[in-house]
Amino acid sequence: MNSTFKLVKADVQSGNTAEKPSKTENEKKKEKNKRKKKRKRKRKRKRKTQKMKTEMEMKIAADKKKKKKKKRKKKKLTAVVKQNLFSHKQPAAVIAAPLIKHQIREDSVELLNVKDIEIEHLHCKNTSLQGKLNYIQHLLKMAVEFIKDN
């Protein structure tokens, strides 16, 4: 082990070292430019992904605002029940007005529910009548064909 160490030491002293050949200036510049370009590409990709994230966040925020506006714009339809708020006694009617308004709202909701039920019933009735009409038309066609054949 000591002998190998001495050989290496002797080689260093004599100038016979096994170093890598030094790179030229052009090669060093090329490598430096490669590293720069690589860093530049990384930064560009990072900026692009950040930009896409911010755009998506902006779209999501805009969609939420639109939904809120739509919810605000939507109004429930109410049927108004006409009632005489003022009777011949003025003061009593003024006192009872808030109670009557509350009652009108409840009545209007009940009216809407009744109307919806009636509409569904009429739709069902309409479809059954259309089925019967189609059946009768079919029977008439068959009767006409039977008469033509005879």
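In the working numbering, the protein residues as written are 1139 to 1288.
Quick reminder that beta carbons are idealized off the backbone N, C-alpha and C, glycines included.
All values derive from a computational prediction rather than experimental measurement.
Identify, in the order they occur along the chain, each residue of the same chain with its Cβ nearer than 6 Å to the Cβ of residue i, setting aside the five sequence neighbours on each side.
i, result
"K1167", "none"
"K1279", "none"
"E1256", "none"
Tell me which residues share the same chain as residue i and place their Cβ nearer than 7 Å to its Cβ, disregarding the 5 neighbours each side in the sequence.
i, result
"Y1273", "none"
"L1271", "none"
"H1261", "none"
If I follow the unbroken alpha helix (DSSP H) through residue i, where does it start and stop?
i, result
"K1197", "1163 to 1211"
Ignore the nearest five residues each way along the sequence and tell me which others in residue i's own chain have a CB closer than 8 Å to its CB.
i, result
"Q1268", "none"
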